[in-house]
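K.L.:
The C-terminal position of the sequence shown is numbered 1307 in our numbering, with every residue numbered one higher than the one before it.
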Amino acid sequence: AFTVMLNVFYFDPTYSAETLTNFSCCEECTNASCHTADNNTCIVLSDNSTISCLQCNSTVENGDTQFYTQSDCEASCSNATKCTCDGACYVCALTSDPTQMVCSLPTMMVEDNCTQIPYVPMNSTSIEQYPL
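(1) Pick from Q1291, T1290 and C1264: whose alpha carbon is nearest that of L1280?
(2) Restricting to runs no shorter than 4 residues, where is the alpha helix (DSSP H) found entirely within the region 1201-1269?
(3) For the beta strand (DSSP E) that M1283 lies in, which residues bound it at each end?
(4) Whole angstroms are fine: how far does the CA of V1277 sit from the CA of L1269?
(5) Please say whether P1296 and T1194 have beta carbons closer to each other than 9 Å?
(6) Taking N1223 as the reference, give the member of K1257, A1212, N1197 and D1272 with the closest Cα.
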């Protein structure tokens, strides 16, 4: 009974902040505001039949920050060695335990016409942060 009580009160402070909105067909994703208005990428999940709109949120509940690429994470994280793949995103794991994170980077994405192509991550940083 004591072990059960410990498990009830054990809290894992790891947050995966990626937002995956699943769709049953490509056109639903490419027509969704997640893709059209928010400019997020429609990716093909590992089952090769589910299309999902991927959004790597900038800040998660515990204060850690997520990015689309490892290089964006390393450029923005106060400790670049803390950048870890978490789900389909990278996280600057200053608070989270990186050993609890599971990496699952997408391999395929779809173009607006639903042609599948190799996944190319978006840049997390905006042009305003890095003027030409």
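Yeah, the Cβ is synthetic: ideal placement off N, Cα and C, and Gly gets one too.
P.N.:
Once the coordinates are examined:
(1) C1264
(2) 1201-1205, 1208-1211 and 1245-1251
(3) M1283 to V1285
(4) 16 Å
(5) no
(6) N1197
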